[in-house]
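Going down the list, the protein sequences come from chains Z, F and P.
All residue numbers for the first sequence refer to the working numbering, where the first residue is 1 and numbers rise by one.
All residue numbers for the second sequence refer to the working numbering, where the first residue is 185 and numbers rise by one.
All residue numbers for the third sequence refer to the working numbering, where the first residue is 350 and numbers rise by one.
This report concerns only the one structure given below.
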Amino acid sequence: MAVELPENVVVSKLDELANWCRKNSLWPMPFATACCGIELMATGASRHDLARFGAEVFRFSPRQCDLMIVAGRVVMKMLPVLQRIWQQMHEPKWCISMGACASTGGVFDTYCVVQGIDRFIPVDMYIPGCPPRPEQLIQSIIDLQDKIQAEGTITGKEFDLQARQGPKRALIELPIIQAPTTVH
Amino acid sequence: MNSSETIQALSAQFPEIRSDEFRGQTRVVIAAEQLRPVLTWLRDQRGFDLLVDITCVDYLHYRDARDRFGLVYLLANAETNERLTVRVYLNEPDLHVPSATDLWEGADWLEREVWDMFGIVFSGHPDHRRILLPEEFTAHPLRKDYPLQGRGERHNFPVLQRGSS
Amino acid sequence: MALETATPMRDLAHDELRDFTWTLNFGPQHPATHTTLRIVLKLDGERVVDAMPDIGYLHSGFEKIGEHLDYNQYVTVTDRMNYISPLANNVAWHEAVEKLLGLELPPRCQYIRTILCELSRISDHLLCNGAVGLDTGAFTYFLYAFYQREVLYDIFETLCGARFTNSYTRVGGVMYDFTPLVVEKIRAFIRDFPKTLDDMERLLNRNRIFVDRTRGVGVLSREEAVNRSCSGPIARASGVTRDLRKDEPYLAYGELDFQVCCMTTGDCFARYLVRMAEMRESLRMVAQALENLPSGPVNVGIDERTTLPDKREVYSTIEGTISHFELMMTNRGFTVPHEEVYAAIEAPNGELGFYVVGDGTDVAYRARCRPPSFIHFAVFPHLIRGHTLSDVVAVLGSLNVIAAELDR
């Protein structure tokens, strides 16, 4: 899969060109589950127009997208669906975790809500907020564009570096608090 | 108000019923065996054709509670806007009640949810399975002895790494 | 659990008796499912033979959280139920809690809550009809609706700082009183909104494509609507003239002059028209309530010991200090009767009620939400049988199923 190209000026210029094309034509796949989905729709609507940044085409098919925006809480029943959609997307692909619920579980520390999708999916950008304002989402798209310009290569070799993916702090499991079982 | 007439007629028909009122809402407590005749009588004779809700309360940590589960049926009359709350107390291990789906079609999913969350079995229900939680889930989460954060079911999934999927 | 005494489970999606029918999975990730719903359709060519909804893809344990959060903290969670009209959920929750406590709200608070309920009703109907338009192909209509929702978000943000998910009500009052700027903005909205409504009606009411796609589709008769516990615009479009604002007046609805919008046909087009008419009525109600807004305190007085008093009173009167102390200290708070109560409001989606069980502390023992979306989605298989695949989208949009309220 990784083509061995010589590291010279032509290839690095091609890298830059490819990254520039990719970052300015991100096709988001909105994985909108809850309230953040409404803010995502509002960002795509006429007042805060996401189309200005190249992300006009909200295709709902994972085969045609390269940016998955997970907006809203992901519950235990929905996580296999999320993973399957992520696997169906083609490389290079990026993931934005929008809102507190997708990043860490948010307000819902319950038996069914996944406490952060980055436990199960590789995430590139986290947007705090409940829900984040449309301007925050636009800022994260801009930051992601900077990230793509800085890191991406034609061969996608930055995705192979397991060493770059250090152990995530979010994976430290907190102790489960037992409910009292005695009758008062 | 009509509620007092309903209570009088109900007590005349089914003498063992206890009723009281709180904040303008009439509540009636019946035994599990009388549930079906009482609900049928209320729907046919008194016109309670709107089933507002079916829910359950787990009284495990409640002060002065005698029974574990309280199944609550909220009924309303669509023409006269009269409301009535019917309560049935249940205890383990016998958590079976007859289903109300042939009286009101709206009871279908409400009873499935009570089964899912509390574990009350509704005999005669056409499609008695879990509705909100996955089928593989084993516990009944709204019971008081189930912890808020669960028992680890929420993180029991494979991890996808970057570049491998 | 002993299931042997229950009838054997019948899974409609795996019924292989007829081999010319095929199964199509619709959702949970699909642009037209309005977030996470899943329907397993059994189709005969294009015609729907049966539909089995599969829900729970957004079940977050709201009712379990209600047993761990304070009455004032839980209002933040009620926002996240029907997130299209979060103020209506806040008002419904505090209606139930205040009924349990037996609190009487000051008139100004009642009028403010009424105005905001009606504004959120307009917001909800705009999104519902906008989504119906979007799913049937009318993108301009959707953008018109969304622009007006942005104007409403601006009003809510000026009032309490958040565009939606406001968490605006408190036990015995509201978070902030109306400022003159908020009143100005609402007046500007009242002035400018009818023109947009007229534009939107001109786009779709007599549009051949839209009418053909929605007229006669998903018909719900009056008896079926009552039997299946429908309420709100869906029941009113089928001829059930039940509106909690008129039948069991709460807040300031007893003093406002408005009409209940009903139709008798019960199809998707009727639901669309009922929602458009309700938006006009809501606007009239907001105008009336705003002009008659009573002056006075907006929160319940100090003697009730339930609402945080104004800071000036805390620093200058002994009653204010005591009240503040009683509410803030962790092992105090307010006492609640050892009782259960149910209170419902006419939310934009239907009858939204909360069944609250109090146990003496200021944390609810059980906070049950009676979700209109859950009950309406159960009607969906009945509505869609016999129609084609393209009607699934129109019917689903007209039912206004919000997944967060559906699954809680």
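All residues carry an ideal CB built from backbone N, CA and C; glycine is no exception.
Requested in this report: Please list, in chain order, all residues of the same chain as Z:W20 whose beta carbon is under 6 angstroms from its beta carbon, the five residues on each side excluded.
Outcome: Answer for Z:W20: no residue qualifies.
Query raised in the report: Under three-state DSSP, which class holds Z:A163?
Result: For Z:A163, the pLDDT reaches just 48, beneath the cut-off of 50, and the residue's location in the model is therefore unreliable, although a value from the coordinates is still provided. Collapsing the DSSP output to three states places Z:A163 in a helix.
Requested in this report: Compare the C-beta of P:A727 against all C-beta atoms of chain F and say whether one is closer than 8 angstroms.
Outcome: P:A727 counts as touching chain F.
**Report entry** Range of the contiguous beta strand (DSSP E) that encloses P:K544
**Finding:** Looking at the DSSP string, P:K544 is not in any beta strand (DSSP E); the run it does join, the alpha helix (DSSP H), is P529 to L553.
Report task. May I have the straight-line CA-CA distance separating P:C579 from P:T507, to the nearest angstrom? Result -> Between P:C579 and P:T507, the C-alpha separation is close to 35 angstroms.
Report task. If I'm right that P:H725 touches P:V750 with Cβ under 8 angstroms, what's the distance once you round it to whole angstroms? Result -> Contact holds; Cβ gap of about 6 angstroms.
**Report entry** Run of the alpha helix (DSSP H) containing P:H673, from where it starts to where it stops
**Finding:** It spans I667 to M677 - the alpha helix (DSSP H) in which P:H673 sits, taken as one unbroken run.
**Report entry** Residue from P:E395, P:L390 and P:Y406 with nearest C-alpha to Z:A34
**Finding:** Closest option to Z:A34, Cα to Cα, is P:Y406.
Query raised in the report: Between Z:M76 and the rest of its own chain, which residues show a CB-CB distance below 6 angstroms, the 5 nearest in sequence each way excluded?
Result: Leaving aside the five residues that flank Z:M76 on each side, the residues in its chain whose CB is nearer than 6 angstroms to its CB run, in chain order, C112.
Report task. Within the stretch 445 to 490 of chain P, note down every full alpha helix (DSSP H) run reaching 4 residues or more, in order along the chain. Result -> Listed in chain order, they are 456 to 484.
Query raised in the report: Any heavy atom of the ligand MG within a distance shorter than 7 angstroms of the CB on P:T613?
Result: For the ligand MG, the structure offers nothing, since it holds no ligand at all.
Report task. Sort F:H339, F:L274, F:M301 and F:G254 by Cα distance to F:R211 and report the nearest one. Result -> That would be F:G254, whose Cα lies nearest to the Cα of F:R211.
Query raised in the report: How about P:A437 and P:C466: are their beta carbons less than 8 angstroms apart?
Result: Yes; because the gap between Cβ atoms is below 8 angstroms, this pair is in contact.
Query raised in the report: Using a Cβ-Cβ distance under 8 angstroms, would P:I583 count as near chain Z?
Result: It does not: the Cβ of P:I583 has no partner Cβ on chain Z nearer than 8 angstroms.
Report task. Verify the CB distance criterion: does F:Y273 have a CB-CB separation below 8 angstroms to chain A? Result -> Any reference to chain A falls outside this structure, whose protein chains are Z, F and P.
Requested in this report: Can you tell me which of the three DSSP states P:N648 falls into?
Outcome: The answer is coil: DSSP assigns P:N648 none of H, G, I, E or B.
Query - Pick from F:L332, F:L287 and F:H309 that is closest to F:Q229, judged by C-alpha positions - result: The shortest C-alpha separation from F:Q229 is found at F:L287.
Query raised in the report: Where does F:N275 fall in DSSP's three states?
Result: Strand, per DSSP.
Requested in this report: Tell me whether P:I464 is buried or exposed, calling it buried when 16 or more other Cβ atoms sit within 10 Å of its Cβ.
Outcome: Answer is buried; the Cβ neighbour count reaches 16.
Query raised in the report: By DSSP, does Z:I96 sit in helix, in strand, or in coil?
Result: Strand, per DSSP.
**Report entry** Beta bridge counterpart(s) of Z:P28 as assigned by DSSP
**Finding:** Its beta-bridge partners are Z:L67.
Report task. Using only alpha-carbon positions, find the residue among P:Q422, P:T666, P:P686 and P:M628 that is nearest to P:K544. Result -> P:K544 has its Cα closest to that of P:M628, out of P:Q422, P:T666, P:P686 and P:M628.
Query raised in the report: Within 10 angstroms of its Cβ, does Z:R52 collect 16 or more other Cβ (buried), or is it exposed?
Result: Exposed, by the Cβ-count rule.
Query raised in the report: Rounded to a whole number of angstroms, what is the C-alpha to C-alpha distance between F:T269 and F:L279?
Result: Distance between the alpha carbons of F:T269 and F:L279 is about 20 angstroms.
Query raised in the report: Beta-carbon of P:S409 versus every beta-carbon of chain Z: anything under 8 angstroms?
Result: P:S409 counts as touching chain Z.
Requested in this report: Pick helix, strand or coil for Z:M41, following the three-state DSSP scheme.
Outcome: Here Z:M41 sits in helix by DSSP.
Query - P:K448 at chain F interface by Cβ criterion, 8 angstroms - result: So yes, P:K448 belongs to the interface.
Query - Contacting residues, own chain, Cβ-Cβ under 6 angstroms from F:Y257 (five flanking each side not counted) - result: Once the five neighbours on either side are set aside, the close Cβ partners of F:Y257 are I238 and V270.
Report task. Helix, strand or coil for Z:W86, going by three-state DSSP, please let me know. Result -> Helix.
Query raised in the report: In the structure shown, what three-state DSSP assignment does P:R717 receive?
Result: Assignment of P:R717 by DSSP, reduced to helix, strand and coil, places it in the strand class.
Query - Endpoints, the alpha helix (DSSP H) within which P:R585 is located - result: Start and end: P582 to R585.
Report task. Using a threshold of 8 angstroms, state whether the C-beta atoms of P:T461 and P:F513 are closer than that. Result -> At residue 461 of chain P the sequence reads Ile, which differs from the Thr that was named. No, they are not a contact pair.
Report task. Report the residues of the stretch 564 to 578 of chain P with a CB closer than 8 angstroms to any CB of chain F, ordered along the chain. Result -> Residues passing the 8 angstroms Cβ filter: E573, V575, N576, R577 and S578.
Query raised in the report: When the Cα of F:R247 is compared with those of P:I733, P:H687, P:E695 and P:A752, which residue comes out closest?
Result: Taking only the C-alpha atoms, the option nearest F:R247 is P:H687.
Requested in this report: Report yes or no: is there a C-beta of chain F within less than 8 angstroms of the C-beta of Z:P122?
Outcome: Yes, its Cβ sits closer than 8 angstroms to a Cβ of chain F.
Report task. Give a yes or no on whether the minimum CB-CB distance between Z:R73 and chain F is below 8 angstroms. Result -> Judged by the 8 angstroms Cβ criterion, Z:R73 is not in contact with chain F.
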